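Notes follow once the structure below has been shown.
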Amino acid sequence: MDLLNTLVDKGLRRELPTREEALAVLATSDDELLDVVAAAGKVRRQWFGRRVKLNYLVNLKSGLCPEDCSYCSQRLGSKAEILKYTWLKPEEASKAAAAGVAGGAKRVCLVASGRGPTDRDVDRVSRTIEAIKEENEGVEVCACLGLLSDGQAERLRSAGADAYNHNLNTSEGTYGDITTTHTYADRVDTVQKAHAAGLSACSGLIAGMGESDEDLVDVVFALRELDPDSVPVNFLIPFEGTPLAKEWNLTPQRALRILAMVRFVCPDVEVRLAGGREVHLRTLQPLALHLANSIFLGDYLTSEGQAGKADLEMIADAGFEVEGTDTTTLPGHRADAASCGTGGGCGSGSVCSSEEPAPAAVPAPAPADQARTDLVAVRRRGAGTDLAPNA
Ligand code: SF4
Numbered sequence: 001m002d003l004l005n006t007l008v009d010k011g012l013r014r015e016l017p018t019r020e021e022a023l024a025v026l027a028t029s030d031d032e033l034l035d036v037v038a039a040a041g042k043v044r045r046q047w048f049g050r051r052v053k054l055n056y057l058v059n060l061k062s063g064l065c066p067e068d069c070s071y072c073s074q075r076l077g078s079k080a081e082i083l084k085y086t087w088l089k090p091e092e093a094s095k096a097a098a099a100g101v102a103g104g105a106k107r108v109c110l111v112a113s114g115r116g117p118t119d120r121d122v123d124r125v126s127r128t129i130e131a132i133k134e135e136n137e138g139v140e141v142c143a144c145l146g147l148l149s150d151g152q153a154e155r156l157r158s159a160g161a162d163a164y165n166h167n168l169n170t171s172e173g174t175y176g177d178i179t180t181t182h183t184y185a186d187r188v189d190t191v192q193k194a195h196a197a198g199l200s201a202c203s204g205l206i207a208g209m210g211e212s213d214e215d216l217v218d219v220v221f222a223l224r225e226l227d228p229d230s231v232p233v234n235f236l237i238p239f240e241g242t243p244l245a246k247e248w249n250l251t252p253q254r255a256l257r258i259l260a261m262v263r264f265v266c267p268d269v270e271v272r273l274a275g276g277r278e279v280h281l282r283t284l285q286p287l288a289l290h291l292a293n294s295i296f297l298g299d300y301l302t303s304e305g306q307a308g309k310a311d312l313e314m315i316a317d318a319g320f321e322v323e324g325t326d327t328t329t330l331p332g333h334r335a336d337a338a339s340c341g342t343g344g345g346c347g348s349g350s351v352c353s354s355e356e357p358a359p360a361a362v363p364a365p366a367p368a369d370q371a372r373t374d375l376v377a378v379r380r381r382g383a384g385t386d387l388a389p390n391a
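Put into structure tokens, the structure is as follows:
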């Protein structure tokens, strides 16, 4: 397909596709799926080889959030029967993190529910970061604490945080339908604060919330503009007890097309396969490794993932290798820019090419996914419990 040849050429040159090209990827048919994966896989291998970075989530504080993000099992009024607990002590968090590192994770992601941290919370998380770094040499630590106030990103940086995660989640146009207690602009502001403080910015999306193809392209182009170093791609886990419980919109094929589109738009950025991969990709998960160069090991914040051992086996069986701590994740041009604090600069930034994308075959609409509530398991082990974590 001319479309795919054009996108591979652009991806290898770190050139931004047009919106029409990104939309055309989402509109490809299931018959073209393997061609799409192969094309985006070439771009992935150019910048990240066959390496897979493992990340490990530690939920520092679970549930009871005053915000109303519709997709979230921790939201205000959520009836989801998730674990609810207040801040883990630094040593508890460090123990959970160590399990992930022992399983092969090179980054630990410290997450807390809530609108954003108080200065006391930042102190608490700073002590946790120090404890984790003391126990686990070379580990990267990312904090994800919600909206940041002035000066908090700098304090986290001083405490040793390497990165800060705050997702845009969905397009600016639909943000108000998903959350009413804060705005899209608030989210953009926090990503910019993290960037400005010299933290590696991590910001991504959630697909499957009923959004259109245009919305998906909007949020991915907005992310590209914000220029994070990593882009987590979540697939909605429709938790019973949340407003989006009935939104089973994704097929494994569509999930792969979305990942391919993200790879083409952000060719040299760490694209992370995040929450919902087991639920929506199911047996097609290994194909996603040809698109994403990073995954979460083990469990998620409030739901259980497949066994960490199964993650490692999947990576090996698919012909990929776990990225070691001695390897820099990002390609040289981005890593150098990040280390001198000027941001990554993931491409020329120019929307070039007036070429018309090749007309995609008119796709048969993919059937809506069956509700697979059997695959959604609330997390009952690891952080906040007496049971061993999954790593
Ligand atoms: S996504 Fe974060 S801010 Fe929104 S409800 Fe969940 S925990 Fe709260």
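Per the UniProt record's numbering, the sequence shown runs over residues 1 to 391.
Heads up, the beta-carbon is just placed ideally off N, CA and C, and yes, glycines get one too.
Fair warning: this is a prediction, and the values are worked out from it, not measured in the lab.
Shown here, Y71 sits in coil according to DSSP, grouped into three states, outside any helix or strand. Runs of the alpha helix (DSSP H) lying entirely within the stretch 187 to 229, each at least 4 residues long, are 213 to 226 in chain order. Distance from the Cα of D30 is smallest, within the candidate group I258, R334, L226, S113, for I258. Around the beta carbon of R14, a 10 Å sphere encloses 16 or more other beta carbons of the protein chains shown; the residue is thus reported as buried. Under DSSP, the beta-bridge partners assigned to K53 are S294. For A38, the enclosing alpha helix (DSSP H) begins and ends at 33 to 48. Segment contact: the stretch 74 to 83 against the stretch 202 to 216, fewer than three CB-CB distances shorter than 8 Å; contact not assigned. A contact is defined here as three or more CB-CB pairs under 8 Å, and the stretch 286 to 302 meets this definition with respect to the stretch 259 to 271. With a 10 Å radius around the Cβ and a threshold of 16 neighbouring Cβ atoms, T242 comes out buried. For P232, the pairing in a beta bridge is given by DSSP as R272. A distance below 8 Å between beta-carbons, with the five flanking residues on each side excluded, links E321 to the following residues of its chain, in chain order: R50, R51, V52, I315. Annotated as distal: A255 and L199, with beta-carbon spacing of 8 Å or more. Pairing P238 with A337, the inter-Cα distance amounts to about 38 Å. Taking 7 Å as the cut-off, the C-beta of C142 does not count as close to any heavy atom of ligand 1. For V141, the enclosing beta strand (DSSP E) starts and ends at 140 to 144. The alpha carbon of R277 has as its nearest neighbour, out of K133, T251, K246, the alpha carbon of T251. DSSP, read as helix, strand or coil, puts S62 in strand. A Cβ-Cβ contact shorter than 8 Å links V269 with P228. Where R157 is concerned, the enclosing alpha helix (DSSP H) starts and stops at 152 to 158. Residue range 163 to 165 is occupied by the beta strand (DSSP E) that includes A163. In this structure, H182 sits near E67, with a CB-CB distance shorter than 8 Å.
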